[in-house]
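Sequential numbering of the sequence shown, starting at 172, is according to our numbering. First up is the structure itself, then whatever we jot down about it.
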Amino acid sequence: MRLDLHRHLEGSHSAKALLRVARELGLTDPLFYDAQERRYRAEAEVARAMTVAGPSDDPAGFVAAISLARKAYVSVRAVGLLARAAFDEAAAETDGFELRISLYSMARTVLSAQGRRLSDVPEADFAALAAQALDAVLAARDAAATASGKPMLVRLGWTRNVDSRGHFLSLEPVVREQAARLSGQDLLGIVPGASPEPYPEDIMALIERLRGVLPDLTLHAGEFEGAASVERALSFGVQAIGHGVASVESRPVLDALAQRGVTLEVCPHSNALLIPSRLSALREAHHGQHPLVALQRHHVHAVLGSDDPSVMGTSFPDEWARAQAEGADLDRLQADARRRWRQLGQTC
Ligand SMILES: [Zn+2]
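Here you go:
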């Protein structure tokens, strides 16, 4: 079973899907529409504009590409249409998957597309908009899963990039209400500055309050920071870690991951694009082995993910081919994916 276990909704909007929605809703953002020539752009043009150009340790290019990928989040209806296309496209290249959504960023984007300033919007109105967006995503998932016959999970992602704590925290009841339709919680996003992977106290407290209804927890860690970031993630009692490849810097961290049975969600193409220098250093420390291989050798459970396939110009089959080319043990990858899938309440 080919299970993509680390994939983001907003990085899964293909140029094809974005253009279809742009035409349907008459969107004329320059990403989709050439005003001078009065025509919608070709798929290849849009794909080129929103794909990360090449490897760089500076995440600015990636952040810009992700904000382009959100350009069609102009309404709840648009979110629903784009989500449906993303679920269908992920189903076409996998046997099942988990997609994570950053609900705050999504609702925030819809608001600004409508020309509204967050500071002018009461928290209750923001929460109502987010509730509609989340419901649209989950309805799209249900319809796509029925149509394809493939299992699809949705994980709620809390972003580290919060510009209004009040609006952010107003999402708690929204998520509580939909908990039965979600697979777990995640902390995601990178913050500019010296500590790109912080664990803000109020967000961690929010996650803790929701663990009664959403116990499965993953955190993005050990990607833009070193093994100490993974160690901090472990202290929150996670089931899995997004990326976490920097843990191969530290034998004690590898031992702790193996002992606690925590799964690392490894995204090879993403790491090659976003942390090329760190990746080289991690390889050097393990005789040229890719961190995925080093993790497997140290008995750490590891699964594969495509992360943001459209923005990174990859696909789940590509990630699988990369893992194979790096010499990963594919049977163990499969076994670890099945193990994680069962932890998430799925059968296989
Ligand atoms: Zn991620």
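A virtual CB, placed ideally from N, CA and C, is assigned to each residue, including glycine. These numbers were taken from a predicted model, which means no experiment stands behind them.
Count the other C-beta atoms from every protein chain shown that fall within 10 angstroms of the C-beta of residue i, then say buried if there are 16 or more, exposed otherwise.
{"i": "Gly-413", "result": "buried"}
{"i": "Ser-273", "result": "buried"}
{"i": "Cys-116", "result": "Given that the chain is displayed from residue 172 to residue 519, the structure contains no residue 116 and the question cannot be resolved."}
{"i": "Gln-495", "result": "exposed"}
{"i": "Gln-136", "result": "Because the chain is modelled from 172 through 519, residue 136 falls outside the range shown and cannot be assessed."}
{"i": "Gly-267", "result": "buried"}
{"i": "Arg-288", "result": "exposed"}
{"i": "His-470", "result": "exposed"}
{"i": "Ser-451", "result": "exposed"}
{"i": "Gln-285", "result": "exposed"}
{"i": "Ser-448", "result": "exposed"}
{"i": "Ser-283", "result": "exposed"}
{"i": "His-458", "result": "exposed"}
{"i": "Ala-318", "result": "exposed"}
Apart from the five residues on each side of it in sequence, which residues of its chain come closer than 8 angstroms, Cβ to Cβ, to residue i?
{"i": "Leu-390", "result": "Asp-357, Leu-358, Tyr-370, Ala-404, Phe-407, Val-409, Ile-412, Gly-413"}
{"i": "Gly-516", "result": "Ser-354"}
Ordered along the chain, which non-local residues of its own chain (more than five positions away) have a Cβ less than 6 angstroms from that of residue i?
{"i": "Arg-280", "result": "For clarity, residue 280 is Thr in the given sequence; the question names Arg instead. Taken in chain order, the residues that qualify are Arg-241, Tyr-244."}
{"i": "Asp-479", "result": "His-179, Gly-182"}
{"i": "Asp-200", "result": "Lys-242"}
With distances taken from CA atoms, which of the options is nearest residue i?
{"i": "Ala-311", "options": "Ala-301, Ile-361, Ala-256", "result": "Ala-256"}
{"i": "Ala-263", "options": "Ala-316, Tyr-275, Ser-448, Ala-299", "result": "Ala-316"}
{"i": "Ser-290", "options": "Ser-227, Ala-218, Gly-337, Ala-351", "result": "Gly-337"}
{"i": "Leu-381", "options": "Ser-341, Gly-364, Ser-418", "result": "Ser-341"}
{"i": "Leu-463", "options": "Ala-215, Asp-479, Gly-415, Ile-446", "result": "Gly-415"}
{"i": "Asp-373", "options": "Thr-330, Cys-519, Gly-383", "result": "Thr-330"}
{"i": "Ser-421", "options": "Ala-443, Ala-429, Ala-398", "result": "Ala-398"}
{"i": "Pro-344", "options": "Val-333, Val-384, Pro-367, Arg-326", "result": "Val-384"}
{"i": "Phe-395", "options": "Ala-215, Ala-299, Ala-473, Ile-361", "result": "Ile-361"}
{"i": "Ile-446", "options": "Ala-392, Arg-468, Gln-349", "result": "Ala-392"}
{"i": "Ala-261", "options": "Arg-431, Val-223, Leu-324", "result": "Leu-324"}
{"i": "Ser-366", "options": "Arg-347, Ala-376, Asn-332", "result": "Asn-332"}
{"i": "Ala-235", "options": "Ser-283, Val-223, Ala-193", "result": "Val-223"}
{"i": "Val-217", "options": "Pro-226, Gly-225, Tyr-275, Asp-205", "result": "Asp-205"}
{"i": "Ala-465", "options": "Leu-327, Asp-306, Leu-425", "result": "Leu-425"}
{"i": "Gly-225", "options": "Leu-444, Arg-503, Trp-512", "result": "Leu-444"}
{"i": "Val-346", "options": "Leu-305, Pro-363, Gln-467", "result": "Leu-305"}
{"i": "Glu-368", "options": "Lys-321, Glu-402, Ala-193", "result": "Glu-402"}
{"i": "Leu-252", "options": "Ser-276, Ala-193, Arg-219, Ser-227", "result": "Ala-193"}
{"i": "Arg-326", "options": "Asp-313, Glu-348, Leu-388", "result": "Leu-388"}
Verify the contact flag: residue i, CB atom, against every heavy atom of ligand 3, threshold strictly below 8 angstroms.
{"i": "Arg-271", "result": "This structure does not include ligand 3; its bound ligands are ligand 1."}
Spatial neighbours of residue i within its chain, please: CB distance less than 7 angstroms, with the 5 preceding and 5 following residues excluded, ordered by chain position.
{"i": "Asp-489", "result": "His-440"}
Worksheet entry | Any beta strand (DSSP E) of 3 or more consecutive residues that is wholly inside the region 338-415 | 356-359, 388-392, 411-414
Item to complete: Would you be able to state if there are at least three C-beta pairs under 8 angstroms between the region 173-184 and the region 227-244?
Response: yes
Fill in: Ordered list of alpha helix (DSSP H) runs contained in the region 405-485, each at least 4 residues
422-431, 439-445, 447-455, 462-468, 480-483
Discussion item. With three or more beta-carbon pairs closer than 8 angstroms as the criterion, would you say the region 208-216 touches the region 293-307?
Written reply: no
Fill in: Continuous alpha helix (DSSP H) assignments of at least 4 residues falling wholly in the region 237-323
247-263, 274-284, 294-319
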